[in-house]
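Here the structure is laid out as structure tokens; the discussion comes afterwards.
Chains as they are written, first to last, in my numbering: chain L, 2 to 74; chain B, -12 to 505.
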């Protein structure tokens, strides 16, 4: 089993979380949406698999390169 | 008396040089999963095109007690060759000999490689591996001569000069530290092999001694570090791919600044119009879109070669072809900070514009610029200085330049997207001004808004009035842009422009001068 970190490319705040722990996702599926520089930035799954961890909640601030979720495949 | 004896000795020495570090040294290199320098050269060049220089260079070897041991081949292999039938100079350290650390003849050859490229006006491809100088050699015979004389030319001058004369490509196949790491950085294009290469100012042992930090060479300078540091332009999966990327990069460039950019036959129709371009930019300006897809839909099929993807990610740079003409592509990536110009993006932008300017490569710029990056981190990083250097590079560029106003164009950063005499196209989705409406109205009209009976209604009214003025049509009516176009017409329009600029490209030759920039 491989684990894949889902990282935020930007500093911003979490607007919506689109999945729950245990959901299956495909590569490119939107895990959550961040708000940064007045835009809605989707953070996508890097691989097919299952959401193993969600490390952030709505309105939480995130930093560039922060791991926001973990996918297991 | 014939010279048969010397000729026999010469043959023996040439054979010796090709043996590199001997079967043992070669097996060790292969054991690490790495190619030898001669294998790298054969992979890079057109088959059978290598013409070696200094085939019999070697140095006498002594043991620690100064006993003569025999001759050791110079650990730098150098020569001419061809890539896509165009001549290049190639060179690289032979890591099977003393870890690529230069002996006297090896160092001389490595410096001569740069001179050769400048003299013959052809690209230089360095295949780097090694740690540069060693304290061992400085304590030995030949290394203790006191160094170069005060009046000799610094050996770094030619490295700096080459970048203004010929395309310089560096490929890292193994660990590259010290002087070779400096060469890696001093390139127009650098690429490292993810599974075998590291780039380090100094390796783990030196770092441990100086800083007490215990790290592997991969942790210090592996691909995951340098894709983001900007030290290398690209990361390749392995050495072969790194060499193929080196070939590909050169295909977009002239052989030197004295030649015009090449142009190739093109199978992709100049009239091709992609329907998806009509709705690629969302009407809601908070939503993102994929700028890379926009580029791919417009340039010649499969011709886009992106560089430095993971450094300064809000800005996209790369080479492509339009109707067979190599062009430099600049584009904002709205998925990262809305495409804002960060300090890193500005450095990437300026360097790329300087690359295009140096080699007279026309630029096509897809603009979706919300401005310089703002906030505490951006201020600490000195964004405005790097940003203004990017603006200066564009403002002083001498190349044909097409600016396509795709979406946003706000603030001073937008000035970086226009060179003098740019050909300016606009899509109907364009929005521009000093500040985006949402923030700008609240600041500029705060007195009027506060004085109104219904401040919210007043703000909305002003926003609506200004939004109406933001219609794309006035800029076409006033000749504020050359053409307002259907996004689907972008490729045909660019192909036409490429035809217009051919006489300019024929004339634009020779070295370009830059003055000090902010």
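By construction, the Cβ of each residue, glycine as well, lies at the ideal position given by its N, Cα and C atoms.
**Prompt:** Hey, is residue 210/B's beta-carbon within less than 9 Å of any beta-carbon in chain L?
**Reply:** no
**Message:** With a threshold of 9 Å between beta carbons, is residue 11/L in contact with chain B?
**Reply:** yes
**Message:** Measuring straight from C-alpha to C-alpha, what distance separates residue 501/B and residue 319/B?
**Reply:** 25 Å
**Request:** Write down the C-beta distance between residue 387/B and residue 491/B rounded to the nearest angstrom, noting that I regard them as a contact closer than 8 Å.
**Result:** 6 Å
**Prompt:** In this structure, does DSSP put residue 514/B in helix, strand or coil?
**Reply:** Shown here, chain B extends from -12 to 505; a query on residue 514/B therefore has no answer.
**Prompt:** On the premise that residue 115/B lies in contact with residue 80/B, defined as a C-beta separation below 8 Å, what is that separation, rounded to the nearest angstrom?
**Reply:** 7 Å
**Prompt:** Hey, out of 168/B, 437/B, 329/B, 243/B, whose CA is closest to residue 366/B's CA?
**Reply:** 329/B
**Asked** Which of helix, strand or coil does DSSP assign to residue 45/L?
**Response** strand
**Prompt:** With 9 Å set as the bound, which would you pick, yes or no: does the beta-carbon of residue 38/L sit closer than that to a beta-carbon of chain B?
**Reply:** yes
**Asked** How close, in whole Å, do the beta carbons of residue 237/B and residue 70/B come, if the pair is a contact with beta carbons under 8 Å?
**Response** 6 Å
**Asked** Where does residue 67/L fall in DSSP's three states?
**Response** coil
**Request:** May I ask you to report which of helix, strand or coil DSSP gives residue 375/B?
**Result:** helix
**CB contact check: residue 47/L to chain B, cutoff 9 Å** = no
**Prompt:** Below 8 Å, can you find three or more Cβ-Cβ pairs linking the segment 321 to 341 of chain B to the segment 292 to 307 of chain B?
**Reply:** yes
**Prompt:** According to DSSP, is residue 130/B helix, strand or coil?
**Reply:** Because residue 130/B sits at a pLDDT of 46, beneath the cut-off of 50, its placement in the model cannot be relied upon, and the point is left open.
**Cα-Cα separation, residue 131/B to residue 504/B** = With a pLDDT of only 48 at residue 131/B, under the threshold of 50, the placement of this residue in the model should not be trusted, and no figure is reported.
**Message:** Less than 6 Å between C-beta atoms, sequence neighbours within five positions excluded: which residues of the same chain meet that for residue 308/B?
**Reply:** 287, 290
**Top-ranked residue by Cα proximity to residue 166/B, from 94/B, 212/B, 262/B, 312/B** = 94/B
**Request:** Give the C-beta separation of residue 79/L and residue 46/L to the nearest angstrom, bearing in mind that I take them to be a contact with Cβ-Cβ under 8 Å.
**Result:** This structure does not reach residue 79/L, given that chain L is present from 2 up to 74, and the question cannot be answered.
**residue 127/B versus residue 64/B: straight-line alpha-carbon distance, rounded** = A caution first: residue 127/B carries a pLDDT of 49, below 50, which makes its placement in the model unreliable, though a value can still be read off. So the two alpha carbons sit approximately 23 Å from each other.
**Asked** Can you give the beta carbon distance from residue 390/B to residue 409/B, rounded, assuming they're within the 8 Å contact cut?
**Response** 5 Å
**Message:** Quick check on residue 341/B: buried or exposed, where buried means 16 or more other Cβ atoms within 10 Å of its Cβ?
**Reply:** buried
**Asked** Just to confirm, are residue 313/B and residue 248/B a CB contact at a threshold of 9 Å?
**Response** yes
**Item:** Rounded straight-line distance, which links the Cα of residue 270/B to that of residue 250/B
**Value:** 37 Å
**Residue closest to residue 151/B, alpha-carbon to alpha-carbon, out of 358/B, 379/B, 344/B** = 344/B
**Request:** Decide if the segment 468 to 488 of chain B is in contact with the segment 252 to 259 of chain B; the criterion is three or more beta carbon pairs, one per stretch, under 8 Å apart.
**Result:** yes
**Message:** Distance cutoff 9 Å, beta carbons only. Does residue 364/B sit that close to anything in chain L?
**Reply:** yes
**Message:** Comparing C-alpha positions only, which one of 227/B, 189/B, -5/B, 211/B sits nearest to residue 24/B?
**Reply:** 227/B
**Request:** Mark residue 5/B as exposed unless 16 or more other C-beta atoms lie within 10 angstroms of its C-beta, in which case mark it buried.
**Result:** exposed
**Minimum Cβ-Cβ distance from residue 42/L to chain B less than 9 Å** = yes
**Request:** Show which residues of chain L have a CB atom less than 7 Å away from the CB atom of residue 324/B.
**Result:** 11, 37, 38
**Asked** Can you tell me where the beta strand (DSSP E) with residue 54/L in it begins and where it stops?
**Response** 50 to 55
**Request:** Going by DSSP, name the residue or residues bridged to residue 47/B.
**Result:** 58/B
**Asked** How should residue 220/B be labelled, buried or exposed, when 16 other C-beta atoms within 10 angstroms of its C-beta is the threshold for buried?
**Response** buried
**Request:** List the residues that DSSP assigns as beta-bridge partners of residue 410/B.
**Result:** 389/B
**Request:** Per DSSP, which residues does residue 38/B bridge with? Please list them.
**Result:** 67/B
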